[in-house]
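Have a look at the structure below, then the notes.
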């Protein structure tokens, strides 16, 4: 990436300890290296400043962190340290701080400790376990000075602690992706859907995404420029990605291939990493042709990391991008019906699906019926993979601006509506009735994003980094 995620790391201690307690500094520096190794992952740069043990070094560390353009800071509390050492660093860094309150072991070996020949040795050993001591002091100072922070408590080899650290890193990766997201807005809002309208200025301010305004005419013009080789390439991609049904005409497949190739060109021209679109093209034959053949191409964009949300649902494009950046997919969806006998909720949408998270190959079917869109073209029929899923809605609200509404559930097998749409059956722990009441009580738009896996813990941490509320229904 041109601008990779950079995670800052430093340990804190007290310089007065090192001359008194032989080997303590080396031991704590070893813990620092262990943490650095644990933070490493592809696409992330670790900026490790080592041990910061005086206020003067804290100030220097703040300058280094700012110069290094870190996105998140992991602060390893290795032993007691003065809050004045830390505050100057984190104030200048101006990024969220994750306090790592990690003991070297689950407990002190008390018999061995008490057999040590001198109180000096005992004190040095105790100080190696003393990381939890200054955490209340730091929390107090951070609260009083407005420093955003969270805490991970455990041991250096604690699976639960490292899982939580991994969730913070995952959340930072997604926040970074949103801050570098180029969201194309093509067309206009779907008429009458007041819930999908949003404050674009606030959306950019909260999530950091750039909004690129695009005319449907540009896609239509690109469509006329695609080559036969590009069209043939799209035919091959259709065959490998979809189960194309026999009643899909060659003419419709060609229309879809031309538009898919044009979408690839459009995404490259604007360096898009997400897209929200809608236009009927009424009165403009070229735009009508383009917009009525967009679904397969939009589905393929979604599958390769450029989520495409229909009906100009800008907030849901952001939700889908979050899911995609977590590696969970993020398929455009809405509520369809309720099966009260089974206690399950049917959800899906006409338009683009997410082939990478489908249960089997998505089917391509021709559309002949009008249900809010042009009654022509080809559409995707698929279910989300059976197993754990997460629903996410980016909700606009009056006070906080935006909040994340989250629900974990299961995608389950069963009969679906074979109408050429994405369509899945979902089961939620509270039951269908209670789930729907709880979900709707938070004022979501009628669209949301469905992703595979249970992501609530990561999404809640992402909300902390974005400084927005998160509400978990189940």
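In the numbering used here, the protein residues as written are 53 to 526.
Don't be surprised by glycine CBs; every beta carbon is placed ideally from N, CA and C.
As the structure is a computational prediction, the values presented were derived from the model and not from experiment.
Q: List the whole-angstrom C-beta distance separating residue 361 from residue 384, where the pair is believed to meet the contact cut-off of C-beta under 8 Å.
A: Mapped onto the chain shown, residue 361 falls at position 309. Mapped onto the chain shown, residue 384 falls at position 332. The Cβ separation is near 5 Å, so the contact holds.
Q: Return the first residue and the last residue of the alpha helix (DSSP H) that residue 487 is part of.
A: For this step, residue 487 is matched to residue 435 along the chain shown. Run containing residue 487: 484 to 492, per the alpha helix (DSSP H) assignment.
Q: Please list, in chain order, all residues of the same chain as residue 424 whose beta carbon is under 7 Å from its beta carbon, the five residues on each side excluded.
A: For the purposes of this step, residue 424 is taken as residue 372 along the chain shown, with counting starting at 1. Annotation note: pLDDT 48 at residue 424 (below 50); position unreliable, coordinate value reported separately. Excluding positions up to five away in sequence, the list is empty.
Q: For residue 130, count neighbouring Cβ atoms within 10 angstroms of its own Cβ and tell me buried if that reaches 16, exposed if not.
A: Translated into the one-based positions of the chain shown, residue 130 becomes position 78. It is buried - the Cβ of residue 130 has at least 16 other Cβ atoms within 10 Å.
Q) So what's residue 166 in DSSP terms, helix, strand or just coil? A) Residue mapping note: residue 166 aligns to position 114 of the chain shown, counting from 1. It is helical.
Q. Which residues share a DSSP beta bridge with residue 415?
A. In the chain shown, counting from the first residue as 1, residue 415 sits at position 363. The partner list for residue 415 (beta bridge, DSSP) reads 295 and 433.
Q. Considering residue 465, what are the terminal residues of the beta strand (DSSP E) in which it resides?
A. On the chain shown, residue 465 is found 413 positions in, with the first residue counted as 1. Where residue 465 is concerned, there is no enclosing beta strand (DSSP E), because DSSP gives it neither an H nor an E.
(Q) Using the Cβ count rule (16 or more neighbours within 10 Å means buried), how would you classify residue 422? (A) If you number the chain shown from 1, residue 422 lands on position 370. Residue confidence for residue 422 is low, a pLDDT of 49 falling below 50, so the modelled location carries little weight; the figure read from the coordinates is stated next. With fewer than 16 other Cβ atoms within 10 Å, it is exposed.
(Q) Less than 8 Å between C-beta atoms, sequence neighbours within five positions excluded: which residues of the same chain meet that for residue 520? (A) In the chain shown, counting from the first residue as 1, residue 520 sits at position 468. The residues are 258, 452, 453, 454, 455 and 456.
Q | residue 468 versus residue 138: straight-line alpha-carbon distance, rounded | A | The residue labelled residue 468 in the question sits at position 416 within the chain shown. The residue labelled residue 138 in the question sits at position 86 within the chain shown. So the two alpha carbons sit approximately 57 Å from each other.
Q: Taking 8 Å as the threshold, find out whether the stretch 271 to 287 comes into contact with the stretch 302 to 322 through three or more Cβ pairs.
A: yes
Q. For residue 61, is the beta carbon positioned less than 6 Å from some heavy atom of the ligand NAD?
A. Among the ligands in the structure shown, none appear at all, so the ligand NAD cannot be discussed.
Q) Would you say the stretch 504 to 520 touches the stretch 466 to 484, given that touching needs at least three Cβ pairs under 8 Å? A) no
Q: Express the C-alpha separation of residue 104 and residue 22 in angstroms, rounding to a whole number.
A: Within the shown structure, residues of the chain are numbered from 53 to 526, placing residue 22 beyond reach of any answer.
Q. Cα separation between residue 93 and residue 221?
A. What you label residue 93 is simply residue 41 of the chain shown in a count that begins at 1. What you label residue 221 is simply residue 169 of the chain shown in a count that begins at 1. Going from the Cα of residue 93 to the Cα of residue 221 covers about 9 Å.
Q) Can you tell me whether DSSP reads residue 329 as helix, strand or coil? A) What you label residue 329 is simply residue 277 of the chain shown in a count that begins at 1. In the structure shown, residue 329 sits in a strand (DSSP, three-state: E or B).
Q) Considering only residues of the same chain and omitting the five flanking positions on each side of residue 90, which have a CB-CB separation below 8 Å? A) If you number the chain shown from 1, residue 90 lands on position 38. So the qualifying residues of the chain are 214 and 217.
(Q) So, at 6 Å on beta carbons, what are the nonlocal neighbours of residue 309 in its own chain, with the 5 sequence-adjacent residues on each side left out? (A) Sequence index remark: in the chain shown, residue 309 carries index 257 (1-based). Excluding sequence neighbours, residue 309 sits near 283, 286 and 287.
Q | Span of the beta strand (DSSP E) around residue 310 | A | For this step, residue 310 is matched to residue 258 along the chain shown. Careful: residue 310 lies outside any beta strand (DSSP E), inside the alpha helix (DSSP H) at 302 to 322.
Q. Less than 7 Å separating the beta-carbons of residue 160 and residue 126?
A. Within the chain shown, numbered from 1, the residue matching residue 160 stands at position 108. Within the chain shown, numbered from 1, the residue matching residue 126 stands at position 74. The criterion of a C-beta distance shorter than 7 Å is not satisfied by residue 160 and residue 126.
(Q) Determine whether the beta carbon atoms of residue 388 and residue 330 lie at a separation below 7 Å. (A) Here residue 388 refers to the residue found at position 336 when the chain shown is read from its first residue. Here residue 330 refers to the residue found at position 278 when the chain shown is read from its first residue. The answer is no: Cβ separation not under 7 Å.
(Q) Quick check: the Cα distance between residue 311 and residue 382, rounded to an integer number of angstroms? (A) As a working mapping, residue 311 is identified with position 259 in the chain shown. As a working mapping, residue 382 is identified with position 330 in the chain shown. Between residue 311 and residue 382, the C-alpha separation is close to 22 Å.
(Q) Within the continuous alpha helix (DSSP H) that includes residue 372, where are the two ends? (A) Here residue 372 corresponds to residue number 320 of the chain shown, with the count starting at 1. For residue 372, the enclosing alpha helix (DSSP H) starts and ends at 366 to 377.
Q. In this structure, what does DSSP give as the bridge partners for residue 454?
A. As a first step, residue 454 must be located in the chain shown, where it is residue number 402. Looking at the DSSP output, residue 454 sits in a beta bridge with 448.
(Q) Measuring only the C-alpha atoms, how far is residue 419 from residue 442? (A) Within the chain shown, numbered from 1, the residue matching residue 419 stands at position 367. Within the chain shown, numbered from 1, the residue matching residue 442 stands at position 390. C-alpha of residue 419 to C-alpha of residue 442: approximately 29 Å in a straight line.
(Q) Tell me the DSSP secondary structure of residue 422 in three-state form. (A) Your numbering for residue 422 matches position 370 in the chain shown. In this prediction, residue 422 has a pLDDT of 49, which is less than 50 and means its spatial position is unreliable; what the coordinates show is noted afterwards. Residue state, collapsed to three classes: coil.
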